[in-house]
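In what follows, a structure is listed as structure tokens, so that the remarks can point back to it.
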Amino acid sequence: VRLLEYVSGQLLRDVPFTPAILTECGQVLAKMTIALQTYDSPVLRRGRGSPWSLLQVLDVRQYLDAVQNLEDRAIVSAALDEFERTVIKRLDTFEHSFIHGDYNEMNIIVDKTLPDVDGQYHLRGVIDFSDVQYAPRVFDLAIYLCYSMLMFTAGPQILAPGFGLKGYTEFIKLTDNELNVLSTCIKARFCQSLVLGAHSYRTDPTHVYALSSAKNGWPALRALHNCHQNDLLNKWLNIDKHF
């Protein structure tokens, strides 16, 4: 039996993805990462092999035939090869910690402040810790930045990660090693979400929710694929100049 505290508010999914709220969510993620540094679990350290862990992302190769568009399938293959080469084969070079594992718009609760404050949405809580795992800490940031692109309409999708990164780095300084694979990890998460979604829908066509990320996810992955890593980092690290 688990007793959970109710958190009032709305899902981030249901409110505008503004630069301000995306930045705040990045700040909170960094604070949560710092807080989890005092947590330990021998069981979780051994891993649970969740298909949604980025450590297992290469497993989606077996479902690539669920992606009907051959160009998209090629993009996924290239992204997975890049992740295997630059991340999986170098896992021991990254700083590890316990991470939330699914910090996205469905697990972030926001609410508006009182009118006499600023009338903006602010983060009120984070739910669903069922994917907590011991992994490279950059994974948590990459997962969040991936989903931050999905419903960002204040500007080009490709700029959305800059706001979350801006908030996160106010509290945690990323290493060059982490920065160099950030876009790679974001692409890997998109591949995981989109391919598993396509596979789930093919297996059960009534599972329409499985395609919830597809409409905006594929354009975002294509945009990332077509932009050089250094250009992406330059935009994100200097988001105030580019937005």
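Quick note: the sequence shown uses our numbering, first residue 17, plus one each step. Just so you know, even glycine gets a beta-carbon here, dropped at the ideal spot from N, CA and C.
Taking only three categories from DSSP, how would you classify residue i?
i    : result
G141 : strand
V260 : In this structure the chain extends from 17 to 259, so residue 260 is not present and cannot be described.
Q136 : coil
H241 : helix
Y160 : helix
I115 : strand
A90  : helix
P32  : coil
Y150 : strand
L166 : coil
Would residue i and residue j qualify as a contact pair, given that the criterion is a beta-carbon distance under 8 Å?
i    : j    : result
G135 : K128 : yes
V154 : L60  : no
R140 : G25  : yes
P172 : W252 : no
R205 : I255 : no
L161 : I202 : yes
L27  : I125 : yes
A46  : Y150 : no
F99  : N193 : no
L52  : S113 : yes
S199 : Q245 : yes
Measuring alpha carbon to alpha carbon, tell me which residue in the options is nearest residue i.
i    : options                : result
L227 : R62, A82, M48, F33     : A82
Q43  : L195, P221, V224, D156 : D156
N123 : Q84, Y22, H112, G183   : Y22
Q72  : G233, T222, L212, Q53  : L212
T49  : P32, F187, L240, T34   : F187
V31  : A230, L210, L195, S164 : S164
H138 : T222, T34, P152, N85   : T34
P67  : C207, L181, D108       : C207
Could you tell me the alpha carbon to alpha carbon distance between residue i and residue j, rounded to whole angstroms?
i    : j    : result
S146 : E87  : 34 Å
V142 : Y119 : 8 Å
A236 : L248 : 13 Å
E40  : L175 : 16 Å
R238 : A94  : 11 Å
L190 : Y79  : 33 Å
S209 : S57  : 27 Å
R77  : F168 : 28 Å
Quick test of your reading: residue i and residue j, contact by CB under 8 Å. State the CB separation rounded to the nearest angstrom.
i    : j    : result
L74  : I104 : 7 Å
T102 : V197 : 5 Å
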